[in-house]
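Report on one structure; see the data block that follows.
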Amino acid sequence: MAKSKNHTTHNQSRKWHGNGIKKPGSQRYESLKGVDLKFLRNMHFAKKHNKKGLKRIQANNAKAMSAHAKAIKALAKPKELKPKMPKGDSRKLDRLALLAHLKHGKRARAYMARDHRLSRPKAKAPNQDPDLPPLPFQIPSQAHLSQRVLLTARLKGDRRAASFHDQYFPV
1 MAKSKNHTTH NQSRKWHGNG IKKPGSQRYE SLKGVDLKFL RNMHFAKKHN KKGLKRIQAN
61 NAKAMSAHAK AIKALAKPKE LKPKMPKGDS RKLDRLALLA HLKHGKRARA YMARDHRLSR
121 PKAKAPNQDP DLPPLPFQIP SQAHLSQRVL LTARLKGDRR AASFHDQYFP V
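Right under this line is the structure:
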């Protein structure tokens, strides 16, 4: 019996290009992959024993060493202490800093606006007797009722009700 095939390229193209087909990035130097090793050794030797090439290599090495030394110095330097903010109004300053923040500022401003909206003083109900329990429904005002009566009368086409309303509830 013939052996079944173990590997297939089915769906591989979709996988390979899952992130799109990328263009190769620009290369600074031509890649030396696959170049003959003997040739590479000879090229390095030629650079080293060529006076200009040797000077260039030494200059590059010196630059690299100085950069390395600077990096080590920067790491070994003790960190400066940050000046502390004054304790008194620090909360106010923190709040201002948060509001000025690029990302978090918008959310903070929205939160503050919402808080401000919700903390407005509510309109107080008319004086009620404290002994009586509160009503389970709200009594509409007289003006509100008269408006509703007038509207329903006009919608129904009842002229008498409309004229009655205009007579007893002048606007």
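Numbering (UniProt numbering), first residue to last: 1 to 171. Beta carbons: idealized from backbone N, C-alpha and C, even for Gly.
Proximal residues to lysine 47 (C-beta, below 7 Å), its chain only, five neighbours per side dropped: Taking the first residue of the sequence shown as position 1, residue 47 is located at position 47. Taken in chain order, the residues that qualify are Gly53 and Ile57.
Contact set for lysine 63: own chain, Cβ-Cβ below 6 Å, skip 5 residues either direction: Taking the sequence shown and counting its residues from 1, one reaches residue 63 at position 63. So the list is empty, once near-sequence residues are dropped.
Whole-Å CB distance - leucine 99 paired with alanine 113, under 8 Å assumed: Locating residue 99 in the sequence shown gives position 99, counting from the first residue. Locating residue 113 in the sequence shown gives position 113, counting from the first residue. Incorrect: roughly 11 Å between the Cβ atoms, too far for contact.
Enclosing alpha helix (DSSP H) for isoleucine 57 [first to last residue]: Stepping through the sequence shown from its first residue, residue 57 is reached at position 57. 51-76 is the extent of the alpha helix (DSSP H) around isoleucine 57.
Own chain, CB closer than 6 Å to alanine 71, minus 5 neighbours either side, in chain order: The residue given as residue 71 occupies position 71 in the sequence shown. None.
Length of the line joining the Cα atoms of asparagine 42 and glycine 34: Taking the sequence shown and counting its residues from 1, the one referred to as residue 42 is at position 42. Taking the sequence shown and counting its residues from 1, the one referred to as residue 34 is at position 34. C-alpha separation (whole angstroms): 15 Å.
Run of the alpha helix (DSSP H) containing histidine 116, from where it starts to where it stops: Numbered from its first residue, the sequence shown carries residue 116 at position 116. Taken as a continuous stretch (DSSP letters only), the alpha helix (DSSP H) holding histidine 116 covers 104-118.
Extent of the continuous alpha helix (DSSP H) to which glutamine 27 belongs: Translated into positions along the sequence shown, residue 27 becomes position 27. Premise fails: glutamine 27 is in no alpha helix (DSSP H) and is neither H nor E.
Contacting residues, own chain, Cβ-Cβ under 6 Å from residue 183 (five flanking each side not counted): The structure shown does not extend to residue 183, since the chain is modelled only from 1 through 171, so no value can be given for it.
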